[in-house]
Structures are given as structure tokens and as C-alpha cells.
Amino acid sequence: MKHLSKAIVVQDGKVLVQETVKSSSGAKVIDFPLGLVSDNESATDAARKLIVEADENQVQHTATFSGVNEKGGRTYYAIFKADAKAKLKLAQSDMTESARWVEPKDLPLNDFYAEDIDFIKTHLPQYS
Numbered sequence: 035m036k037h038l039s040k041a042i043v044v045q046d047g048k049v050l051v052q053e054t055v056k057s058s059s060g061a062k063v064i065d066f067p068l069g070l071v072s073d074n075e076s077a078t079d080a081a082r083k084l085i086v087e088a089d090e091n092q093v094q095h096t097a098t099f100s101g102v103n104e105k106g107g108r109t110y111y112a113i114f115k116a117d118a119k120a121k122l123k124l125a126q127s128d129m130t131e132s133a134r135w136v137e138p139k140d141l142p143l144n145d146f147y148a149e150d151i152d153f154i155k156t157h158l159p160q161y162s
């Protein structure tokens with residue numbers, strides 16, 4: 035059973051997303067930066083490792099929510115507020131190649147899993 039953690043980084047009303055490959059179909063989709071939660075690791079710590087920042091004080095953890103994913107594990111959504119001047123990149127990729135800032139209303143919901151859509155509709159509006 036896999037437990038996933040997604041970094042929901044909000045800056046100036048936009049959220050950070052990246053292009054990734056959906057494991058079930060191999061299609062390129064938009065998703066939040068994600069990683070596996072290791073044993074003895076919090077979901078928030080797993081999500082924070084996905085973000086590389088110039089100054090740690092420019093990105094603050096705000097909240098964490100969770101939902102059951104299609105594999106029967108949990109998907110954790112760790113929300114971080116980034117200062118307007120924060121320079122960020124993703125740990126696994128170059129920001130300019132696969133990541134971008136998107137307004138929540140422009141998120142392509144068809145790219146997301148059911149638990150992600152529930153999070154986007156239920157919790158994201160109060161933080162973006």
C-alpha cells in the first residue's frame with residue numbers, strides 16, 4: 035500500500051504544478067509535485083523534500099489534509115505558502131522545464147485522480 039505526499043505550494047493566488055507521466059496510462063498530465071512517504075517520515079516532511087528554496091523562511095507549512103487513494107493508501111496534501119519573492123524549484127526537475135504556476139480555476143481536473151479533485155474542490159480554495 036503506497037502513501038503519497040503532494041506539495042501544494044501557493045504563491046500570489048497560484049499553485050505550483052508540474053508535468054508528469056500518469057503511471058496507469060503513460061500519458062503526460064499536470065499534477066502537484068509528489069513523492070512517496072517513507073516509514074518513520076511525516077507527510078509534511080516528505081512534501082517539503084520536493085521543494086528546493088533559496089531561503090527556508092520564505093516557504094511556510096500551513097496545513098495538511100489527506101484522502102484515500104485508488105491503491106488503498108493515503109494521499110497527503112501538504113499546503114505551503116510561499117512568499118512573493120521566494121525563488122523555488124522542484125527537487126526532481128528544473129522549474130523551467132516541467133513546472134509552472136497556475137490559478138486554481140485553471141487546473142485541468144481531468145488530469146487528476148478522484149481524491150485530488152476532492153481536495154481541489156473542498157480545501158484548496160481557502161488557501162489560494
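Numbering (my numbering), first residue to last: 35 to 162.
Glycine included, each C-beta is placed from N, C-alpha and C at the ideal position.
Keep in mind it's a predicted model, so treat the numbers as computed, not measured.
Let me make sure I understand the geometry here. Which of Ile85, Phe66, Gln94 has the alpha-carbon closest to that of Leu141?
For this step, residue 141 is matched to residue 107 along the sequence shown. Ranking the options by Cα distance to Leu141, first place goes to Phe66.
For a quick check, are the C-beta atoms of Phe153 and Tyr111 less than 9 Å apart?
As a first step, residue 153 is located in the sequence shown; it is residue number 119 there, counting from the start. As a first step, residue 111 is located in the sequence shown; it is residue number 77 there, counting from the start. Yes; because the gap between Cβ atoms is below 9 Å, this pair is in contact.
Pick helix, strand or coil for Glu53, following the three-state DSSP scheme.
Your numbering for residue 53 matches position 19 in the sequence shown. For Glu53, the three-state secondary structure derived from DSSP is strand.
Give, in chain order, every unbroken run of the beta strand (DSSP E) that is at least 3 residues long and sits entirely within the stretch 46-121.
As far as the stretch 46-121 is concerned, its whole beta strand (DSSP E) runs of at least 3 residues are 48-55, 62-65, 68-70, 85-87, 93-102, 108-116.
In chain order, what residues of the same chain have a beta carbon less than 6 Å from the beta carbon of Ser100, not counting five sequence neighbours either side?
Reading the sequence shown from its first residue, position 66 is the one you call residue 100. Contacts found: Arg108, Tyr110.
Where does Ser132 fall in DSSP's three states?
Along the sequence shown, one-based indexing puts residue 132 at 98. For Ser132, the secondary structure class from DSSP, reduced to helix, strand or coil, is helix.
Check the DSSP bridge columns for Leu124 and list the partner residues they point to.
As a working mapping, residue 124 is identified with position 90 in the sequence shown. Per DSSP, Ile85.
Following a CB-centred definition, is Ala133 positioned closer than 8 Å to any heavy atom of the ligand SAM?
Ligands displayed in this structure: none; no statement on the ligand SAM is therefore possible.
Which partner residues of Ile42 appear in the DSSP bridge assignment?
On the sequence shown, residue 42 is found 8 positions in, with the first residue counted as 1. As DSSP reads the structure, Ile42 sits in a beta bridge with Ile113.
Of the residues Val51, Lys48, Leu70, which one's Cα is nearest the Cα of Lys36?
Looking up residue 36 in the sequence shown gives position 2. In terms of Cα proximity to Lys36, the closest of Val51, Lys48, Leu70 is Leu70.
Are there 16 or more other CB atoms within 10 angstroms of the CB of Ser148, so buried, or fewer, so exposed?
As a working mapping, residue 148 is identified with position 114 in the sequence shown. According to the sequence as given, residue 148 is Ala; it is not Ser. In this structure Ala148 is exposed. Its beta-carbon is surrounded by fewer than 16 other beta-carbon atoms within 10 angstroms.
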